[in-house]
Amino acid sequence: MKIKTRDITFIALFAALISVGAFLKIDIPLPLYTMHFTLQWLFVLLAGFFLGSKKGAISVLVYILIGLSGVPVFAAGGGIGYVLRPGFGFLLGFILAAYLIGLITEKMMAKSLVQLIVPATVGLIAYYSVGAVYFYLIKNLYVGEYVSFAVVVVQYCLITILPDFILCVMAAYLAKQLVPVFRKISNCQYV
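Take 4 as the starting number for the sequence shown in the numbering used here and just add one per residue.
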């Protein structure tokens, strides 16, 4: 994969948009952990749709590396210690989700709203799967608080999955409208 200056600009733009999305949030206090419902997911979806699999995933990775370096771009701050927070797995899930969204969109040559909702939904499942497993492992192995996987799924996934699915539909709609314009302006199929 050859990365051009234009690609670096778009990757940085989406990393910045994901950062902004972290601050557009609603805090949901739960018994084991405060869940942050943010608009990061919307921008992760759009990174996959606009940049494709590899560059979309790279934009999310850049965002995470910036946060881990100490810049407070995550919903609850930043720094290397963030990897020990139970919710960090959801950030890792963003990388896989952006990759899968871009990959499926590319393979399907998705253009209609329904076709675009498919990769968004697959990305949502990947994002929640990685997040739930990481949350479970950190709580049980690092924090030392036994939490069943069922509790993690019910209390930390089901509560926000519907709003996140609505963001999937919104992102699919935006992609349907804007990706063709973006491709024309950037003069390429996938940047």
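Even for Gly, the Cβ is constructed at its ideal location relative to N, Cα and C.
Closer than 8 Å to chain B by CB, residue i
i      : result
Gly147 : Protein chain content of the structure displayed is limited to a single chain, and chain B is not contained in it.
C-beta contact flag for residue i and residue j at 8 Å
i      : j      : result
Gly82  : Gly73  : yes
Gly80  : Ala129 : no
Ser56  : Tyr102 : yes
Phe46  : Ile29  : no
Val63  : Ala25  : no
Phe93  : Gly134 : yes
Leu119 : Ala78  : no
Leu87  : Ala175 : no
Phe13  : Leu68  : no
Leu140 : Phe168 : no
Leu27  : Leu42  : yes
Euclidean distance between Cα positions of residue i and residue j
i      : j      : result
Ile11  : Tyr149 : 43 Å
Leu165 : Cys171 : 10 Å
Val182 : Leu106 : 15 Å
Val194 : Tyr137 : In this prediction, Val194 has a pLDDT of 43, which is less than 50 and means its spatial position is unreliable; nothing more can be read from the coordinates.
Gln198 : Thr124 : Lying before the first or after the last residue shown, residue 198 is absent from the chain, which here runs from 4 to 194.
Pro144 : Leu71  : Residue 144 is actually Leu in this sequence, not Pro. Each residue's Cα considered, the two are about 21 Å apart.
Lys5   : Val155 : 40 Å
Gly90  : Arg186 : 34 Å
Gly84  : Tyr66  : 16 Å
Pro122 : Arg9   : 25 Å
Ile188 : Phe152 : 46 Å
Gln180 : Met112 : 15 Å
Lys7   : Leu161 : 40 Å
Those residues which DSSP pairs with residue i across a bridge
i     : result
Phe77 : Gly80
Which of helix, strand or coil DSSP assigns to residue i
i      : result
Lys5   : coil
Ser115 : coil
Tyr139 : helix
Arg186 : helix
Tyr66  : helix
Ser132 : helix
Val194 : Caution applies to Val194, whose pLDDT of 43 falls short of 50 and renders its modelled position unreliable; the value that the coordinates give is listed next. DSSP places Val194 in coil when its eight states are reduced to three.
Glu148 : coil
Ser22  : helix
Cys160 : coil
Leu45  : helix
Gly55  : coil
Pro3   : Given that the chain is displayed from residue 4 to residue 194, the structure contains no residue 3 and the question cannot be resolved.
Pro166 : helix
Gly2   : This structure cannot settle anything about residue 2, because the visible part of the chain is limited to 4 through 194.
Gly90  : coil
(message) Under 8 Å, with one C-beta from each stretch per pair, do the stretch 13-33 and the stretch 46-55 reach the 3-pair mark?
(response) yes
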